[in-house]
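Heads up, the sequence shown is in the working numbering, so the first residue is 259 and it goes up one at a time. All C-beta atoms in this analysis are idealised placements derived from N, C-alpha and C, irrespective of residue type, glycine included. All values derive from a computational prediction rather than experimental measurement. One structure is given below, encoded as structure tokens.
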Amino acid sequence: WLMASPRRYIQPSHVIRIAPEIYGGAFRRDHNLAANHAAKVRSSGKLGYYWQLFAGMGWTSIHWLHKIHQPTLVLAGDDDPLIPLVNMHLLAWRIPNAQLHIIDDGHLFLITRAEAVAPIIMGFLQQERQRAVMHPQPTPTRTR
Numbered sequence: 259w260l261m262a263s264p265r266r267y268i269q270p271s272h273v274i275r276i277a278p279e280i281y282g283g284a285f286r287r288d289h290n291l292a293a294n295h296a297a298k299v300r301s302s303g304k305l306g307y308y309w310q311l312f313a314g315m316g317w318t319s320i321h322w323l324h325k326i327h328q329p330t331l332v333l334a335g336d337d338d339p340l341i342p343l344v345n346m347h348l349l350a351w352r353i354p355n356a357q358l359h360i361i362d363d364g365h366l367f368l369i370t371r372a373e374a375v376a377p378i379i380m381g382f383l384q385q386e387r388q389r390a391v392m393h394p395q396p397t398p399t400r401t402r
């Protein structure tokens, strides 16, 4: 229910108080992170907020994930209260050619663990670039 209120965008003191519960990971250990985050976070407006709530109430891509044919890097925090790790395992399982990397952190690991995550992303991109050079896919030709 903490995510159902827009207070985290309006009252910095509120997001500071709830950040450990909703973001997990480093936010549970370092309360300065919540204050820094609260100073930077901005609302997407009422319409954006309502669309986010609507999407969270039940939209799912599970039935279409098997149609993703591109190599896919799935990153997940092991202490993410918003997106349970089991969901990320399921995501990686349903996407053919997906790689799952679990980060020792919470929901905002891209911010709190950027130095650790960047090499994982770069390694994935380099691996895919090398694969594309060694095994290029033919470009489909258009027929008129």
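Which residues DSSP lists as bridging residue i, in chain order
i: G314; result: DSSP, once it has assigned bridges, lists no residue as partnering G314.
i: H359; result: L333
Cβ neighbours of residue i in the same chain (closer than 6 Å, five flanking residues each side left out)
i: G283; result: G335, D337, D363 and G364
i: Q357; result: L331
i: A350; result: V332, A356 and L358
i: Q388; result: none
i: I378; result: H359
i: F382; result: L331
Host beta strand (DSSP E) of residue i (start-end)
i: V299; result: Run containing V299: none; DSSP gives neither H nor E here.
Same chain, Cβ closer than 8 Å to residue i, five either side skipped, listed in chain order
i: P211; result: Only positions 259 to 402 of the chain appear in the structure, and residue 211 is not among them; the question remains open.
Endpoints, alpha helix (DSSP H) assigned at residue i
i: H272; result: P270 to Y281
i: L340; result: Unbroken run through L340: none, as it is neither H nor E.
Please give me, in chain order, every unbroken run of the alpha helix (DSSP H) with length at least 4 that falls completely inside the stretch 362–394.
367–370 and 372–392
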